[in-house]
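Using the numbering used here, the first residue of the sequence shown is number 1, and each one after it goes up by one. By construction, the Cβ of each residue, glycine as well, lies at the ideal position given by its N, Cα and C atoms. As the structure is a computational prediction, the values presented were derived from the model and not from experiment.
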Amino acid sequence: MNLDFLNDKQREGVVTTEGPVLILAGAGSGKTRVLTHRVAYLIEQGVMPYNIMAITFTNKAAREMRERIDNIVGFGSDGVWVATFHASCVRILRRFCENLGQGYSSNFTIYDTDDCKTLMKEVCKYLQIDTKQFKERTFLNVISDAKNKLIGPEEFTNRAMGDFNMSRQATVYREYQARLRQNNAFDFDDLIMKTVELLRLDGDVRAYYNDKFKYIMVDEYQDTNAAQFELVRLLTGGAQNLCVVGDDDQSIYKFRGADIYNILNFEQHFPAAHVIKLEQNYRSTGNILEAANSVIANNEGRKEKALWTEAEDGDKIQFQQFDSAYEEASFIASNIGALVRKGEADYKDCAVLYRTNAQSRLIEEKMIYEGIPYKIVGGVNFYSRKEIKDVLAYLKTVDNGSDDIAVQRIINIPKRGIGATTITKVSDFARERGLNFYEALLHCEEVPSIGKAATKIQGFTSLIEKLRQIAQEESVSALVEEILDQTDYVAELKAEGTDEAKARIENIDELLTKAVAYEKDARDDGEEPTLSGFLEDVALVADIDSYEESDNYVVLMTLHGAKGLEFPRVYMAGMEDGLFPGQAAIFDGGGADSELEEERRLAYVGITRAREHLTMTAARMRMVRGETAFHKISRFVKEIPEELVKGNLWEPKPMDDYSSTPIGEYSVYQKPSGFGKPFAASTSYGTAGSTAGTGKGSYSASRYSVGSSTTAVANKNGTKIEKSELDYGIGDRVSHIKFKEGTVKDIIDEGRDYEVTVEFDGVGVKKMFASFAKLKKL
Numbered sequence: 001m002n003l004d005f006l007n008d009k010q011r012e013g014v015v016t017t018e019g020p021v022l023i024l025a026g027a028g029s030g031k032t033r034v035l036t037h038r039v040a041y042l043i044e045q046g047v048m049p050y051n052i053m054a055i056t057f058t059n060k061a062a063r064e065m066r067e068r069i070d071n072i073v074g075f076g077s078d079g080v081w082v083a084t085f086h087a088s089c090v091r092i093l094r095r096f097c098e099n100l101g102q103g104y105s106s107n108f109t110i111y112d113t114d115d116c117k118t119l120m121k122e123v124c125k126y127l128q129i130d131t132k133q134f135k136e137r138t139f140l141n142v143i144s145d146a147k148n149k150l151i152g153p154e155e156f157t158n159r160a161m162g163d164f165n166m167s168r169q170a171t172v173y174r175e176y177q178a179r180l181r182q183n184n185a186f187d188f189d190d191l192i193m194k195t196v197e198l199l200r201l202d203g204d205v206r207a208y209y210n211d212k213f214k215y216i217m218v219d220e221y222q223d224t225n226a227a228q229f230e231l232v233r234l235l236t237g238g239a240q241n242l243c244v245v246g247d248d249d250q251s252i253y254k255f256r257g258a259d260i261y262n263i264l265n266f267e268q269h270f271p272a273a274h275v276i277k278l279e280q281n282y283r284s285t286g287n288i289l290e291a292a293n294s295v296i297a298n299n300e301g302r303k304e305k306a307l308w309t310e311a312e313d314g315d316k317i318q319f320q321q322f323d324s325a326y327e328e329a330s331f332i333a334s335n336i337g338a339l340v341r342k343g344e345a346d347y348k349d350c351a352v353l354y355r356t357n358a359q360s361r362l363i364e365e366k367m368i369y370e371g372i373p374y375k376i377v378g379g380v381n382f383y384s385r386k387e388i389k390d391v392l393a394y395l396k397t398v399d400n401g402s403d404d405i406a407v408q409r410i411i412n413i414p415k416r417g418i419g420a421t422t423i424t425k426v427s428d429f430a431r432e433r434g435l436n437f438y439e440a441l442l443h444c445e446e447v448p449s450i451g452k453a454a455t456k457i458q459g460f461t462s463l464i465e466k467l468r469q470i471a472q473e474e475s476v477s478a479l480v481e482e483i484l485d486q487t488d489y490v491a492e493l494k495a496e497g498t499d500e501a502k503a504r505i506e507n508i509d510e511l512l513t514k515a516v517a518y519e520k521d522a523r524d525d526g527e528e529p530t531l532s533g534f535l536e537d538v539a540l541v542a543d544i545d546s547y548e549e550s551d552n553y554v555v556l557m558t559l560h561g562a563k564g565l566e567f568p569r570v571y572m573a574g575m576e577d578g579l580f581p582g583q584a585a586i587f588d589g590g591g592a593d594s595e596l597e598e599e600r601r602l603a604y605v606g607i608t609r610a611r612e613h614l615t616m617t618a619a620r621m622r623m624v625r626g627e628t629a630f631h632k633i634s635r636f637v638k639e640i641p642e643e644l645v646k647g648n649l650w651e652p653k654p655m656d657d658y659s660s661t662p663i664g665e666y667s668v669y670q671k672p673s674g675f676g677k678p679f680a681a682s683t684s685y686g687t688a689g690s691t692a693g694t695g696k697g698s699y700s701a702s703r704y705s706v707g708s709s710t711t712a713v714a715n716k717n718g719t720k721i722e723k724s725e726l727d728y729g730i731g732d733r734v735s736h737i738k739f740k741e742g743t744v745k746d747i748i749d750e751g752r753d754y755e756v757t758v759e760f761d762g763v764g765v766k767k768m769f770a771s772f773a774k775l776k777k778l
């Protein structure tokens, strides 16, 4: 195989095949190229394709790897196991889950987030837990965290001894897991944990996969949690021909249980490990990479490395700060619109990234106002829509009658006159007899005081049994059409005649298209399409899988969602301390697993999504949970060397020479200090469509600084009011026109104003600027 097109480190990663290998692959350094050619090289060296396993995290990444391997290797490449962690575990469990000895069968259901919430509601109701006081989501998070750490219900119960709150969580965990087992269902965390359990308990199964997988490769290793680490260890066995590829600087999923120390301590787990660093970047311009390197260098818990490129420096990073989030959103939308009108970019070239989903609302509004096509990736998942979940619930019931959640969802869809009281009676009967809900329905005539509802229930079960017969004889897509026909689901939507109903019909049509596509893909892969296979395919879809690079729209997504993607132009919105990084992260300590270092890694990920142009924006004032918050510019912006940034910053000059911009009743005059020293004069701007337009007309943007500043405030007549000393201090009682009375807890001199922290008697702690708060000492 000719490997001359690879750089030296990439080539080293391809040909170093024996023993444990750690490839530290910086953003845009060609890691997928290394992995795919490594597979081809192994096959060229005589390794059988079915002895090679490649695991990644997303379906998108798995598809890309699969396509590249097929193109490079050609005939026989389909024998290579290329799949996500979860898909790999589903494949193992479908074959061997009965070996767990816990009553699972191979046609198990995979519960999505909504299914888990529904199940948890039932659990809390059964245990008589007040969900206003103890949220279902909290219990689910605790259980997920435990499963990611391979802590089962029994061990969790033992750890809870003497802790009342944890004991309650243990009770919920046990009941939740018992109902999953009863429903022949796994949640997403179970897929990993139960596979690990299987490999630990059954030596024959473990030996089978140890013999099968002689060479294992794991992509995005920095995102693995404890359960995934143990899974890889068990699959690897004694051979230890394990190659992991990852970047500790892109470890951003701690909230999902990812453990950065899996990659940082790889050499401790595998002392004979060979370490290779991929630092040459093939994605971004020099200035973007230098900005990324400068930011991430502030982290203490990382492996030393620095991205570099042979490409030109390119444009500087554009930075703009605005009065409000409204103006920030207006600038982003109008700037994109102007670029497209001038032919400098297509919509699909642009991505707007933000820290929290809440930031998307204003940006969406401005996109609509400017007539810009956009798509939010990571919004409402297609498979979470009501009509889709209804049809899928029918399919799940046909495939797995043990799934109580699916059966109860559709028992009265369409309306059959089977109400909540009847469902409760059947549920109680099922629990008393040790039956699942569908089995109880089949014996509904035995349910006490069921009355005339028995006839209606029998109509439902007759339909399901008929559909099961059809499922054995017809394709998945034909079964979907039969369900729609037998239930009159689409007919009822057509009769409704609303725009919403039409949209739902379109979604159902798309589900049919998905079913047909699944059947074709399965046959192309040499597999027989099955109902279980289709439901598995649907269950493992992630938000990012809906993103299509060929579609011409602006992408709006969170920074977490953007990982693995790249765009010619990236806008990072909300670059403010308190938002990004958040307040909790700011006060967290150092170390690789601290929140601040994780937030900085997230900033690094955002910066390295940009290929040619990076724009960062911030708002001085932002509405948060209904209250106006005042934020400083993000420390992540300040960590970028000043020579790499351009924006609305300039050399300070006498206060009288400053122009002012109205903000309600006041105008603000500022004297910026920049990043340690002032920036040189930069862009002046005015009309919408070029920079900071708030609408279709022109508008003059106010100028703000990075860092501290000295401020004067002017009223409408232009009379300046210099900042004066406060007549209250820490510990004093004060009153506010809205929040009423409170106690001053802290006062910080911010140069331009005093930031005052007050604990109000009725609404709690608030932070505000003195000139706006107008507090009165009591």
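Mapping the DSSP letters down to three states, classify Glu558 as helix, strand or coil. Counting from one through the sequence shown, the residue named residue 558 turns up at place 558. According to the sequence as given, residue 558 is Thr; it is not Glu. Note: Thr558 maps to strand in three-state DSSP.
On the DSSP letters alone, give me the boundaries of the alpha helix (DSSP H) that Ile633 sits inside. In the sequence shown, the residue the question calls residue 633 occupies position 633. Counting along the chain, Ile633 falls outside any alpha helix (DSSP H), and DSSP gives it neither H nor E.
Residue-level contact to chain C via CB, Ala420, 7 angstroms cutoff: No chain C appears in the structure shown, which is made up of a single protein chain.
Pick from Lys776, Thr236 and Val637: whose alpha carbon is nearest that of Gly606? Indexing the sequence shown from 1 puts residue 606 at position 606. Comparing Cα positions, the closest option is Val637.
Could you work out which residue in Gln268, Asp249 and Asp211 is closest to Asp223 when comparing CA atoms only? As a first step, residue 223 is located in the sequence shown; it is residue number 223 there, counting from the start. It is Asp249 whose Cα lies nearest to the Cα of Asp223.
Here's a check: name, in chain order, each residue in its chain whose Cβ is nearer than 8 angstroms to the Cβ of Gln486, leaving out the five neighbours to either side. What you label residue 486 is simply residue 486 of the sequence shown in a count that begins at 1. Counting only Cβ-Cβ distances below 8 angstroms, and skipping sequence neighbours, we find Leu463, Lys466 and Leu467.
How about the segment 41-56 and the segment 249-264: do they share at least three Cβ pairs that are nearer than 8 angstroms? Result no; under three Cβ-Cβ pairs closer than 8 angstroms.
For Ala351, which residues does DSSP report across the bridge? As a working note, residue 351 is residue 351 in the sequence shown. Looking at the DSSP assignment, Ala351 forms a beta bridge with Val555 and Val570.
Does DSSP put Glu759 in a helix, in a strand, or in coil? If you number the sequence shown from 1, residue 759 lands on position 759. Glu759 falls in the strand class under three-state DSSP.
So the beta strand (DSSP E) Cys243 belongs to, where does it begin and stop? Translated into the one-based positions of the sequence shown, residue 243 becomes position 243. Per DSSP, Cys243 belongs to the beta strand (DSSP E) from Leu242 to Gly246.
Can Ile747 and Ile730 be called in contact, C-beta distance under 7 angstroms? Residue mapping note: residue 747 aligns to position 747 of the sequence shown, counting from 1. Residue mapping note: residue 730 aligns to position 730 of the sequence shown, counting from 1. Yes; because the gap between Cβ atoms is below 7 angstroms, this pair is in contact.
Once DSSP output is grouped into helix, strand and coil, what is the label at Lys149? Stepping through the sequence shown from its first residue, residue 149 is reached at position 149. DSSP places Lys149 in coil when its eight states are reduced to three.
What residue range does the beta strand (DSSP E) around Lys646 cover? Start at 1 with the first residue of the sequence shown, and residue 646 comes out as number 646. Here the beta strand (DSSP E) through Lys646 covers Val645 to Gly647.
Ile23 burial status per 10 Å Cβ neighbour count (16 or more: buried): Within the sequence shown, residue 23 is the residue found at index 23, counting from 1. Buried, by the Cβ-count rule.
Which runs of the beta strand (DSSP E) fall wholly inside the segment 199-231 and span at least 3 residues, in chain order? 215-218
Going by beta-carbon coordinates alone, are Ala471 and Leu479 separated by less than 7 angstroms? As a working note, residue 471 is residue 471 in the sequence shown. As a working note, residue 479 is residue 479 in the sequence shown. With respect to Leu479, Ala471 sits close: the two C-beta atoms are nearer than 7 angstroms.
Given that a residue counts as buried once 16 or more other Cβ atoms are within 10 Å of its Cβ, and exposed if not, what is Tyr282? Taking the sequence shown and counting its residues from 1, one reaches residue 282 at position 282. Exposed, because fewer than 16 other Cβ atoms sit within 10 Å of the Cβ of Tyr282.
Considering Val82, what are the terminal residues of the beta strand (DSSP E) in which it resides? On the sequence shown, position 82 is the one that residue 82 refers to. Trp81 to Thr84 is the span of the beta strand (DSSP E), which, as asked, contains Val82.
Less than 7 angstroms between the beta carbons of Gly574 and Phe580, yes or no? As a working mapping, residue 574 is identified with position 574 in the sequence shown. As a working mapping, residue 580 is identified with position 580 in the sequence shown. Cβ distance < 7 angstroms, so Gly574 and Phe580 count as in contact.
For the segment 193-211 and the segment 116-134, state whether three or more C-beta atom pairs, one from each stretch, are separated by less than 8 angstroms. no
Suppose you measure from the CA of Lys9 to the CA of Ile276; what does that come to, to the nearest Å? The residue labelled residue 9 in the question sits at position 9 within the sequence shown. The residue labelled residue 276 in the question sits at position 276 within the sequence shown. Distance between the alpha carbons of Lys9 and Ile276 is about 7 angstroms.
Let me check understanding here. Comparing Cα to Cα, which of Lys456, Asn148 and Lys776 lies closest to Asn412? Counting from one through the sequence shown, the residue named residue 412 turns up at place 412. Of Lys456, Asn148 and Lys776, the residue nearest in Cα terms is Lys456.
Where are the beta strand (DSSP E) runs, 3 residues long or more, that stay fully inside the segment 385-431, in chain order? none
State the Cα-Cα distance for the pair Ser771 and Asp761, rounded to the nearest angstrom. By 1-based counting over the sequence shown, the position of residue 771 is 771. By 1-based counting over the sequence shown, the position of residue 761 is 761. For Ser771 and Asp761, the distance between alpha carbons rounds to 21 angstroms.
Please work out which residues of its chain come closer than 6 angstroms, Cβ to Cβ, to Asp219, disregarding the five sequence neighbours upstream and downstream, and give them in chain order. Reading the sequence shown from its first residue, position 219 is the one you call residue 219. Contacts found: Thr56 and Val245.
Every unbroken alpha helix (DSSP H) inside the segment 257-329 [4 residues or more]: 261-264, 266-269 and 286-296
Going by beta carbon distance, what residues of the same chain come within less than 7 angstroms of Ser384, once the five residues before and after it are set aside? For the purposes of this step, residue 384 is identified with residue 384 of the sequence shown, where counting begins at 1. If we look at Ser384 and ignore the five residues flanking it on each side, its Cβ neighbours are Asp114.
Beta strand (DSSP E) segment containing Tyr111, residue limits: The residue labelled residue 111 in the question sits at position 111 within the sequence shown. Here the beta strand (DSSP E) through Tyr111 covers Thr109 to Tyr111.
Pick out whichever of Phe769, Thr36, Lys305 and Val172 has its Cα sitting closest to the Cα of Cys124. Here the question's residue 124 lines up with position 124 in the sequence shown. Across the set Phe769, Thr36, Lys305 and Val172, the C-alpha of Val172 shows the shortest separation from the C-alpha of Cys124.
Classification of Val538 by the beta-carbon crowding that lies within 10 angstroms, buried from 16 upward: Taking the first residue of the sequence shown as position 1, residue 538 is located at position 538. Buried, since its Cβ has 16 or more Cβ neighbours within 10 Å.
Would Lys396 pass as a contact of Asp404 if the rule is Cβ separation under 7 angstroms? Stepping through the sequence shown from its first residue, residue 396 is reached at position 396. Stepping through the sequence shown from its first residue, residue 404 is reached at position 404. In this structure, Asp404 does not lie closer than 7 angstroms to Lys396 by Cβ.
Classify Asn141 as buried or exposed, calling it buried when 16 or more other Cβ atoms lie within 10 Å of its own Cβ. On the sequence shown, residue 141 is found 141 positions in, with the first residue counted as 1. Asn141 counts as exposed, since fewer than 16 other C-beta atoms from the protein chains shown sit within 10 angstroms of its C-beta.
Does the distance from the CB of Val541 to the CB of Ser477 come in under 7 angstroms? Here the question's residue 541 lines up with position 541 in the sequence shown. Here the question's residue 477 lines up with position 477 in the sequence shown. The answer is no: Cβ separation not under 7 angstroms.
Would you mind giving the Cβ-Cβ distance between Ala27 and Thr608, rounded to the nearest angstrom? I have them listed as a contact below 8 angstroms. Numbered from 1 along the sequence shown, position 27 holds the residue referred to as residue 27. Numbered from 1 along the sequence shown, position 608 holds the residue referred to as residue 608. That belief holds up - the Cβ atoms of Ala27 and Thr608 are roughly 4 angstroms apart, short of 8 angstroms.
Just checking, does the segment 309-328 make contact with the segment 610-624 on the three C-beta pairs under 8 angstroms criterion? yes
Taking all protein chains shown into account, do 16 or more other C-beta atoms lie within 10 angstroms of the C-beta of Met1, making it buried, or fewer, making it exposed? As a first step, residue 1 must be located in the sequence shown, where it is residue number 1. Flag for Met1 reads exposed.
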